[in-house]
Amino acid sequence: MRRLIVITVALFLFVTGTLLLALRSEPLVIGAARWLVTALTDLRLELRSPSVNVFRGELSAAELHLVPASQDGPPLLSVLNFSARFPVPGTAGDALSGSALRADAVTVYTSDRGNAAQPSPMQSLGYLRWLPSALDIGQFRLINASAETRVFPLKHVQGRLIERGNYRLAAEAD
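For what it's worth, the working numbering labels the leading residue of the sequence shown as 2, then goes sequentially.
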């Protein structure tokens with residue numbers, strides 16, 4: 002019985018150590034992120050000059066694009082000079098407490114030309130829980146391609162988590 006316990010503990014320590022060593026490999030983490038996006042969505046993740054440090058909770062890229070995998074067209078999301086800080090796994094607090102996101106420019110492209118159902122306003126508001134504790138975006142553009150293409154430009158977008166369930170977001174019209 003002792004032998005079984007020792008072998009089980011040793012195997013657990015080996016697997017944990019191997020996983021921790023793998024997380025130190027930036028190419029492996031970036032490759033896993035690309036694979037997850039491709040496997041779980043119909044999008045493709047494109048990164049330019051990415052940098053990841055899981056143990057310090059840091060992520061950055063000169064460019065980040067989410068592109069439809071099945072078609073050529075504009076990226077659904079483009080982020081320039083992106084940097085993020087997130088809580089280190091295993092630390093106290095909720096998932097996004099102490100997180101920060103900064104970008105020089107963010108462009109979101111939407112279209113109602115496809116056959117996908119548009120989310121209701123309440124569904125859209127549900128995504129706000131994923132906002133970081135601190136948000137700083139130089140320029141934000143929402144491009145909606147419908148019968149007429151509309152561009153909603155904002156600049157100096159700043160957001161802060163005031164307290165749990167309350168978020169202050171400010172921006173200027175461009």
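Ideal Cβ positions, reconstructed from N, Cα and C, are used throughout, including at glycine. Only a predicted model underlies this, so the values are computations on that prediction, with no experimental measurement involved.
Contacts around residue i, its chain only, beta-carbon distance under 7 Å, and the 5 residues preceding and following it disregarded
i: residue 49; result: 62, 63 and 64
Through-space distance from residue j to residue i, alpha-carbon basis
i: residue 31; j: residue 126; result: 29 Å
i: residue 170; j: residue 44; result: 28 Å
i: residue 74; j: residue 66; result: 12 Å
i: residue 176; j: residue 102; result: Only positions 2 to 175 of the chain appear in the structure, and residue 176 is not among them; the question remains open.
i: residue 121; j: residue 150; result: 21 Å
i: residue 173; j: residue 163; result: 20 Å
i: residue 38; j: residue 98; result: 24 Å
Burial state of residue i, where buried means 16 or more other Cβ atoms lie within 10 Å
i: residue 108; result: buried
i: residue 152; result: exposed
i: residue 52; result: exposed
i: residue 134; result: buried
Beta-carbon gap between residue i and residue j smaller than 9 Å
i: residue 79; j: residue 88; result: no
i: residue 85; j: residue 59; result: yes
i: residue 161; j: residue 136; result: yes
Residues near residue i by beta carbon distance below 8 Å, same chain, minus five either side
i: residue 106; result: 79, 80, 81, 82, 138, 139, 140, 141 and 142
From the options, residue whose alpha carbon lies closest to that of residue i
i: residue 41; options: 76, 70, 122 and 29; result: 70
i: residue 132; options: 167, 145, 112 and 76; result: 167
Nonlocal neighbours in the same chain, by C-beta distance under 6 Å from residue i, ignoring five residues either side
i: residue 144; result: 110 and 152
i: residue 154; result: 142 and 175
Test: residue i CB closer than 9 Å to a CB of chain B
i: residue 49; result: Within the model displayed, chain B is absent; a lone protein chain is all it includes.
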